[in-house]
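Engineer:
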Amino acid sequence: MTEKMLTYKDKPLSRCGNMIYYGDFSDKYISIIEILSEKEENGVKIPLSLSIKLNQNCGNLKFKPIKKAERDSLYVALDLAEYWLKEALEMDP
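For the sequence shown, position 12 matches number 1488 in my numbering, and the numbering has no gaps at all.
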């Protein structure tokens, strides 16, 4: 059975621990969202504080930070990560 990759606005989205990786690892840029704090509500963990970084992909899982910000909503963090990534890939494909 083939597993389907989770996507957001047609870009891959994956999570490892408190890190959310947004974008294709073969592209020149990738966004990384780190969950800094969270609360539990009805057995579900909800992110409260997130750090967003646009990184240049240097290969071999090495990244060079280009931009960074903090937000208090996962939706707002994903929206900013998508905007930065789209802008970077359009300007420097």
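Ideal Cβ positions, reconstructed from N, Cα and C, are used throughout, including at glycine.
From a predicted model like this one, the values you see are computed outputs, not experimental measurements.
Candidates 1507, 1558 and 1523: which alpha carbon is nearest residue 1541's?
Structural biologist: Among 1507, 1558 and 1523, the Cα nearest to that of residue 1541 belongs to 1507.
Engineer: For residue 1485, which of helix, strand or coil comes out of DSSP?
Structural biologist: Correct three-state label for residue 1485: coil.
Engineer: I'd like to know whether the C-beta atoms of residue 1505 and residue 1530 end up nearer to each other than 9 Å.
Structural biologist: The answer is yes: Cβ separation under 9 Å.
Engineer: Determine the closest residue to residue 1528 out of 1522, 1551 and 1517, with distance taken between C-alpha atoms.
Structural biologist: Looking at the Cα atoms, 1551 is the closest of the given residues.
Engineer: Out of curiosity, what's the CA-to-CA distance linking residue 1558 and residue 1543?
Structural biologist: Looking at the two C-alpha atoms, the distance is approximately 13 Å.
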